[in-house]
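Engineer: Protein chains in written order, with my numbering: chain R, 567 to 831; chain E, 7 to 461.
1. Out of R:784, R:778, R:695 and R:723, which has the shortest C-alpha to C-alpha gap to residue 795 of chain R?
2. Go through the region 360-398 of chain E residue by residue and report every complete run of the alpha helix (DSSP H) that reaches 4 residues or more, in order.
3. Below 7 angstroms between beta carbons: does that hold for residue 733 of chain R and residue 710 of chain R?
4. Would you check if the region 157-175 of chain E and the region 240-249 of chain E touch, i.e. whether three or more CB-CB distances between them fall below 8 angstroms?
5. Based on the DSSP secondary-structure assignment, which residues constitute the bridge partners of residue 688 of chain R?
6. Give me the residue from R:731, R:776 and R:727 with the minimum Cα distance to residue 820 of chain R.
7. Nearest to residue 458 of chain E by alpha carbon, out of R:603, R:580 and R:659?
8. When you compare only the Cα positions, how much space is there between residue 728 of chain R and residue 271 of chain E?
9. Quick one: what's got a C-beta closer than 6 angstroms to residue 815 of chain R's C-beta in the same chain, skipping five residues either side?
10. State the start and end residues of the unbroken beta strand (DSSP E) segment that holds residue 284 of chain E.
11. Give me the Cβ distance between residue 144 of chain E and residue 336 of chain E, rounded to the nearest whole Å; I'm assuming they're in contact under 8 angstroms.
12. Any beta carbon of chain R sitting closer than 7 angstroms to that of residue 340 of chain E?
13. Does any residue of chain R bring its CB to less than 7 angstroms from the CB of residue 267 of chain E?
14. So, does the region 668-682 of chain R touch the region 598-617 of chain R, judging by three or more C-beta pairs under 8 angstroms?
15. Do the region 336-347 of chain E and the region 391-398 of chain E meet, that is, are 3 or more Cβ pairs less than 8 angstroms apart?
16. What residues from chain R crowd round residue 430 of chain E, counting only those whose CB sits closer than 8 angstroms?
17. If the criterion is Cβ atoms closer than 7 angstroms, does the pair residue 638 of chain R and residue 382 of chain E meet it?
18. Any idea what DSSP makes of residue 575 of chain R, helix, strand or coil?
19. Can you give the Cα-Cα distance for residue 96 of chain E and residue 362 of chain E, rounded to whole angstroms?
20. Is there a Cβ of chain R sitting closer than 7 angstroms to that of residue 289 of chain E, yes or no?
21. Quick one: Cα of residue 429 of chain E to Cα of residue 29 of chain E, how far?
22. Given a cut-off of 7 angstroms on the beta-carbon distance, is the pair residue 49 of chain E and residue 269 of chain E in contact?
23. Can you check which of these residues, E:209, E:176, E:33 and E:150, is closest to residue 236 of chain E by C-alpha distance?
24. With H, G and I counted as helix, E and B as strand and the rest as coil, what does DSSP make of residue 178 of chain E?
25. 7 angstroms is my cut-off, CB to CB: does residue 34 of chain E come that close to chain R?
26. According to DSSP, simplified to helix, strand and coil, what is residue 819 of chain R?
27. Which same chain residues, not among the five before or five after residue 117 of chain E, have their C-beta less than 8 angstroms away from its C-beta?
28. Taking Cβ-Cβ distances shorter than 8 angstroms, what residues in chain E pair up with residue 633 of chain R?
29. Quick one: what's residue 714 of chain R bridged to in DSSP?
30. Looking at residue 407 of chain E: is its Cβ nearer than 7 angstroms to the Cβ of residue 325 of chain E?
31. Below 7 angstroms between beta carbons: does that hold for residue 629 of chain R and residue 135 of chain E?
32. So within the region 597-670 of chain R, which uninterrupted alpha helix (DSSP H) runs reach at least 4 residues, ignoring any that extend past its ends?
33. Please report how far the alpha carbon of residue 714 of chain R lies from the alpha carbon of residue 704 of chain R, in whole angstroms.
34. Mind checking which residues open and close the alpha helix (DSSP H) that includes residue 218 of chain E?
35. Count Cβ pairs between the region 21-37 of chain E and the region 759-776 of chain R that sit closer than 8 angstroms; are there 3 or more?
36. Considering only the beta carbon of each residue, do residue 346 of chain E and residue 769 of chain R sit closer than 7 angstroms?
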């Protein structure tokens with residue numbers, strides 16, 4: 567299905583005197599990383615299908631400062647944050663949907679003190695809301711009947727902000743069997759990418775964290791490992807490759823699975 | 007009379023040493039930076055109620071959790087009996103609470119304490135087996151050798167001995183009670199000391215120990231009973247003096263430590279105000295760089311992040327004294343599980359050990375700067391950079407300790423004071439600064455995915 571989709575930017579919206587319901591904060595991964603861009607596209611297709619009036623910042627978006635802050639560079643974080651807040655406040659943004667739990671956490675928790683007060687939602691929360699409100703129907707696409715899906719909790723969505731149910735509720739609409747890993751929810755194991763680890767080599771050890779976590783996922787005999795974070799997605803994809811299971815186990819963001827079920831991709 | 011004086015001296019001496027150590031710990035904790043945790047008292051009481059009093063996080067690991075609750079409840083309730091022992095010791099009475107009337111209540115309480123004492127004993131034996139026989143990984147980490155290992159065993163063995171003494175005291179007392187009663191019933195003269203052993207208490211557990219002592223003469227029984235009584239109370243007073251030097255200090259600090267918990271979402275890392283002020287100036291196009299007020303020569307220079315314990319907040323230092331080295335944090339740490347050097351428990355132990363060292367230095371009038379610091383002398387850069395900030399350790403801690411905040415503060419020092427970071431991290435910083443993304447993609451390409459969407 568390839569319907570032409572126009573992705574409006576905030577600047578365009580403002581020029582035409584329109585105000586979007588939500589700003590879709592794409593994030594750096596979702597903008598630049600080839601794998602993560604697919605997730606971004608799935609989210610946009612869902613927003614489009616559900617008739618959400620949204621906009622993106624496009625070139626005006628900049629890193630939230632999360633990796634800088636977690637690595638200890640508070641200056642760089644606050645520079646980034648304040649510049650972003652200026653842009654967001656300039657457009658009068660009230661509600662933000664992020665494609666990444668790290669952006670979600672930092673904008674929800676750490677921007678307010680710097681003058682950025684928004685209602686911030688993670689995309690799985692927003693998608694779940696759209697389904698619950700009946701705005702998004704996803705019955706005409708790929709069927710997941712008979713499939714086993716396991717959800718890997720992103721640390722910055724789960725433990726960091728206690729969001730465990732929204733992504734699971736969204737997955738439950740897929741008519742697949744949702745199986746939990748040995749370590750899940752508040753006990754979920756990190757994929758290994760948080761705290762700026764994504765941008766550096768791991769310290770010496772005897773195993774990679776993503777391999778350890780992929781073992782948990784493979785143990786469930788799931789066909790699909792569902793993620794809610796572009797970094798987790800990368801880490802789990804690499805983990806599955808490490809076990810040479812890429813032929814039988816898919817790693818997909820919840821947005822992609824929902825979009826597939828709705829025949830949006 | 008001599009016994010009473012001796013008892014008073016013992017009590018005074020142990021109270022003195024306990025108070026002195028509390029004073030040291032208080033002084034050490036106050037070396038930390040200020041942080042306001044006085045807000046939201048209702049939420050704080052609730053947290054303390056759930057986590058410390060209610061042990062809500064302990065039972066997430068049911069075996070250790072339930073055994074721990076036995077020891078915890080036993081410890082708190084048996085204190086009522088300790089109170090009686092202290093009063094008896096000071097006033098030369100014997101089982102003073104029994105003479106207050108309501109013998110049935112006394113019997114019931116002593117019966118309960120006996121059962122609790124037995125359960126504590128069993129729990130401590132199981133704990134000893136778990137630590138020393140069964141190979142439970144978190145008890146055998148690198149940081150758990152030498153003193154930390156002995157510390158745990160000393161406490162457990164002491165508790166076993168104390169409970170055994172308590173039960174033996176009761177067993178011999180019960181025999182003496184019975185003998186005194188029989189002698190009186192048959193019209194024999196009962197010595198004054200033996201007449202102390204009035205019929206009081208019920209002994210459901212120590213009754214099993216009776217065969218052990220039943221063959222003894224009255225004199226030998228009285229000696230044994232007194233010995234167990236003194237052994238028990240000296241043990242408890244010794245415990246009191248020992249505990250604030252030990253990881254077992256959590257029995258006191260767990261309560262205030264959970265009260266002062268961070269109430270924000272775990273993912274929220276408070277912003278640094280000092281940085282905010284500078285960044286605001288930098289970003290303000292109207293700011294006059296020469297209009298800044300002349301720096302106050304007396305003001306302490308602003309330091310970013312933490313190099314040593316004094317740079318941490320008092321709450322982080324409080325955390326370190328509360329840590330009981332259970333290792334639940336380390337056992338869930340993704341870095342530790344994959345063989346990296348980082349262990350959140352070690353972060354807390356290092357903080358405490360360094361703080362004690364700094365505190366001792368102050369006492370001895372040593373120069374403030376001893377040339378050492380928490381960073382590097384205790385915690386290496388390699389440990390710091392292994393953290394994924396996943397907060398699994400914070401979630402796992404039964405008393406709401408936050409090792410991640412210390413790791414971040416030490417990283418802040420490395421970055422903002424020493425400009426020292428792994429090369430790839432420096433590259434990430436440069437990318438964020440120049441391209442607004444952690445990778446070297448031009449900012450103009452941010453919208454490329456939009457073009458791709460319809461192609």
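Just so it is clear, CB atoms sit at the ideal spot from N, CA and C, and this is done for glycine as well.
Keep in mind the model is a prediction, meaning the values are calculated, not measured.
Structural biologist: Working from what's here:
1. Residue 795 of chain R has its Cα closest to that of R:723, out of R:784, R:778, R:695 and R:723.
2. Counting only runs of 4+ residues, the alpha helix (DSSP H) found wholly inside the region 360-398 of chain E occupies 380-383 and 387-391, in chain order.
3. In this structure, residue 710 of chain R does not lie closer than 7 angstroms to residue 733 of chain R by Cβ.
4. Three or more Cβ pairs drawn from the region 240-249 of chain E and the region 157-175 of chain E lie within less than 8 angstroms of each other, which places the two stretches in contact.
5. According to DSSP, which records beta bridges pairwise, residue 688 of chain R is partnered with R:664.
6. When only C-alpha atoms are compared, the closest one is R:731.
7. Residue 458 of chain E has its Cα closest to that of R:603, out of R:603, R:580 and R:659.
8. For residue 728 of chain R and residue 271 of chain E, the distance between alpha carbons rounds to 8 angstroms.
9. Here the set comprises 806.
10. Not the beta strand (DSSP E): residue 284 of chain E falls in the alpha helix (DSSP H), residues 279-289.
11. So it is a contact: roughly 6 angstroms between Cβ atoms.
12. Yes - at least one Cβ of chain R is within 7 angstroms of the one on residue 340 of chain E.
13. False, the Cβ-Cβ gap to chain R never drops below 7 angstroms.
14. Verdict: no, contact absent.
15. They touch, by the three-pair rule.
16. Simply 765, 766 and 767.
17. Remark: C-beta atoms of residue 638 of chain R and residue 382 of chain E do not approach each other more closely than 7 angstroms.
18. In the structure shown, residue 575 of chain R sits in a strand (DSSP, three-state: E or B).
19. Roughly 35 angstroms between the two C-alpha positions.
20. Taking 7 angstroms as the CB threshold, residue 289 of chain E lines the interface with chain R.
21. Distance between the alpha carbons of residue 429 of chain E and residue 29 of chain E is about 45 angstroms.
22. A contact, by the Cβ cut-off of 7 angstroms.
23. For the set E:209, E:176, E:33 and E:150, the Cα lying nearest the Cα of residue 236 of chain E is the one of E:176.
24. Correct three-state label for residue 178 of chain E: helix.
25. No, residue 34 of chain E lies away from the interface with chain R (no Cβ there is under 7 angstroms from its Cβ).
26. Three-state result, residue 819 of chain R: strand.
27. Once the five neighbours on either side are set aside, the close Cβ partners of residue 117 of chain E are 207, 208, 209 and 210.
28. The contacting residues are 434, 438 and 444.
29. Bridge partners of residue 714 of chain R: R:743.
30. Contact annotation: residue 407 of chain E and residue 325 of chain E have beta-carbon atoms nearer than 7 angstroms.
31. Result no, Cβ atoms of residue 629 of chain R and residue 135 of chain E do not sit closer than 7 angstroms.
32. 600-615, 632-636 and 640-656, all fully within the region 597-670 of chain R.
33. Rounded to the nearest whole angstrom, the C-alpha separation of residue 714 of chain R and residue 704 of chain R is 18 angstroms.
34. 216-219 is the span of the alpha helix (DSSP H), which, as asked, contains residue 218 of chain E.
35. With a cut-off of 8 angstroms, the region 759-776 of chain R and the region 21-37 of chain E do not count as touching, because too few Cβ pairs lie within range.
36. In this structure, residue 346 of chain E sits near residue 769 of chain R, with a CB-CB distance shorter than 7 angstroms.
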